[in-house]
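K.L.:
Attaching a single structure in structure tokens format; questions to follow.
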Amino acid sequence: MMQLEDTLQQQDPLDAAESGRLFAIGGACLALLTAIGVTAVEADEIASWPLEIAAILLVALAGAAATVTASPFRAPFRLRSHVLVLGVSLLAFLLDELAQLGANGLVHDDWGLVTVPIFLFVVAGLRPPQEVLAGGLVAAVVVGVTAAVVSQFVALQVPPFARASVAMTSIVAPACAAAAFARAALRRLARDPGPRAGITTVADMVRLSVQQETIARLEAEVVPLLSEIIADGELHDADGRRARVLATGLRAALLADLRRDWLAEAGFAVTDRQGYAERMNQEQRTAIRSLVAALPLLDPDRPGIAVLVGQDLEAVLELTIPVRIRPPRAALAPVIPVLRTVLGHVDLRSDDHAVVLVAEVPVER
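Quick note on this note's numbering: the sequence shown kicks off at 1 and runs consecutively.
This is the structure:
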């Protein structure tokens, strides 16, 4: 089992999961258009068109990789994806510089110093802030070394160190800004972890369910007794005994409600002979509750079904959530990063009647 990382995608799945993919699409398009536009404007500085075309194709590849790996259905976005996107964008920068050897007038106006920061901002919402900053610093070193090496082939001659410093500044500043953005967003999220306006939480639904059941018992048993007493105009010994029986029954029912496990409280008929539900940690429970809360189409007339079967420290959870109509992918996408992070193998499917989650659940003793 993997732990939740300090990323917007995993800590704020309802907002950041889908927006991260849209941001990746926008960043990829912007980087590609920048590379094509700058190349068209400075076509006279291209010494090798095959290398330049390869560099532009690599920008497109970096954008495609970012878009695919940022999808909530492939989440969470891992370190290897970060390395892939940033590495391909840096390779595109290197090829662009090689394509201009001997014909370039100024390194500092090449499109690589624009596309690399764009991809740094793309991963800012998908990876931890310190990792975003570290990736930016590595990129700055690569860019600085490249600028120093090609300095002797540039028409405008300045000391290699000065050229490297200017080029690195073009990367370090955006990297710091991207990391600061991610850090500030996470801190704001930590300060205001409350539920969003208009969204009913699982706890609210549970509380409402218990209240409704209590009212139903009162209407079915207590109200008739009081009506009979009022109609008779006097209180008999039999009425007192009947009232005590009803009070005992209501108290027992309320205690049973309080003792229900958290899956039963969420509205599921639970089959868990080995007690795995109560051994799940808080992050696992939160992920499953998020899935339930993300489905506004829950069918209140049909209870959900939760079955846990396992051996020793690992169980398989099959959770069937009834719905009135098939939910859109956008309703399921935000919770997938969290589910895949805190659970084992996750299979989530849906039809017109139910959403079914099958997942491996590692637990502690």
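Glycine included, each C-beta is placed from N, C-alpha and C at the ideal position.
Can you check which of these residues, 357, 363, 100, is closest to residue 281 by C-alpha distance?
P.N.:
363
K.L.:
Could you give the first and the last residue of the continuous beta strand (DSSP E) run that contains residue 151?
P.N.:
Premise fails: residue 151 is in no beta strand (DSSP E) and is neither H nor E.
K.L.:
Assuming residue 103 and residue 46 are in contact, meaning their beta carbons sit under 8 Å apart, how far apart are those beta carbons, in whole angstroms?
P.N.:
Indeed they touch by this definition, with Cβ atoms about 7 Å apart.
K.L.:
Just curious, the beta strand (DSSP E) that residue 271 is in, first and last residue?
P.N.:
268-271
K.L.:
Using the C-alpha atoms, what's the distance from residue 124 back to residue 278?
P.N.:
Residue 278 and residue 124 have their C-alpha atoms roughly 36 Å apart.
K.L.:
From which residue to which residue does the beta strand (DSSP E) around residue 350 run?
P.N.:
346-350
K.L.:
Helix, strand or coil for residue 317? Go by DSSP, reduced to three states.
P.N.:
strand
K.L.:
Can you tell which of 329, 338, 339, 336 has the C-alpha that lies nearest to the C-alpha of residue 350?
P.N.:
Of the candidates 329, 338, 339, 336, the residue whose Cα lies closest to the Cα of residue 350 is 329.
K.L.:
Would residue 283 and residue 316 qualify as a contact pair, given that the criterion is a beta-carbon distance under 8 Å?
P.N.:
no
K.L.:
Return the CA-CA distance between residue 140 and residue 154, expressed in angstroms with no decimal places.
P.N.:
Their Cα atoms are separated by approximately 20 Å.
K.L.:
Mind checking whether residue 422 and residue 321 have CB atoms under 8 Å apart?
P.N.:
Here the chain comprises residues numbered 1 to 365, so residue 422 is not present and cannot be evaluated.
K.L.:
Under three-state DSSP, which class holds residue 198?
P.N.:
Since pLDDT at residue 198 reaches only 43, below the 50 mark, its modelled position is unreliable, and the value read off the structure follows with that caveat. Coil at residue 198, not helix or strand.
K.L.:
Does the separation of the CB atoms of residue 32 and residue 99 fall below 8 Å?
P.N.:
no
K.L.:
For residue 136, which option in 292, 149, 113 has the closest C-alpha, if you only look at C-alpha atoms?
P.N.:
Minimum Cα distance to residue 136 is reached at 113.
K.L.:
Which class does residue 360 belong to by DSSP, given the choice of helix, strand or coil?
P.N.:
strand
K.L.:
For the candidate residues 239, 354, 318, 287, whose alpha-carbon lies nearest to that of residue 272?
P.N.:
318
K.L.:
Would you please state the rounded distance, in angstroms, between the beta carbons of residue 8 and residue 182? I believe it to be under 8 Å.
P.N.:
6 Å
K.L.:
Buried or exposed: where does residue 63 fall if 16 or more other Cβ atoms within 10 Å of its Cβ makes it buried?
P.N.:
buried
K.L.:
Have a look at residue 246 and residue 228 and give me their C-alpha separation to the nearest angstrom.
P.N.:
So the two alpha carbons sit approximately 15 Å from each other.
K.L.:
Please state whether DSSP places residue 144 in a helix, a strand or coil.
P.N.:
helix
K.L.:
Exposed or buried, residue 161, counting other C-beta atoms within 10 Å across all chains shown (16 or more means buried)?
P.N.:
exposed
K.L.:
Report the partner residues of residue 27 according to the DSSP bridge assignment.
P.N.:
According to DSSP, residue 27 bridges with nothing at all.
K.L.:
Is it buried or exposed, residue 22, if we count other Cβ atoms within 10 angstroms and call 16 or more buried?
P.N.:
exposed
K.L.:
Compute the Euclidean distance between the alpha carbons of residue 345 and residue 264, then round it to the nearest angstrom.
P.N.:
23 Å
K.L.:
Could you pull the DSSP bridge partners for residue 308 from this structure?
P.N.:
DSSP, once it has assigned bridges, lists 317 as partnering residue 308.
K.L.:
Run the CB neighbour count on residue 236, radius 10 Å, all protein chains shown included, and call it buried at 16 or more, exposed below.
P.N.:
exposed
K.L.:
Here's the rule: buried if 16 or more other CB atoms are within 10 angstroms of the residue's CB, otherwise exposed. What is residue 126?
P.N.:
With a threshold of 16 other beta carbon atoms within 10 Å, residue 126 meets it and is buried.
K.L.:
What do you get for residue 224, buried or exposed, if any count of 16 or more other CB atoms within 10 angstroms of its CB means buried?
P.N.:
exposed
K.L.:
For residue 314, which of 342, 59, 159 has the nearest alpha-carbon?
P.N.:
342
K.L.:
Buried or exposed for residue 68, please, with buried defined as at least 16 other CB atoms from any protein chain shown within 10 angstroms of its CB.
P.N.:
Label assigned to residue 68: exposed.
K.L.:
If you draw a straight line from the alpha carbon of residue 185 to that of residue 242, how long is it in whole angstroms?
P.N.:
59 Å
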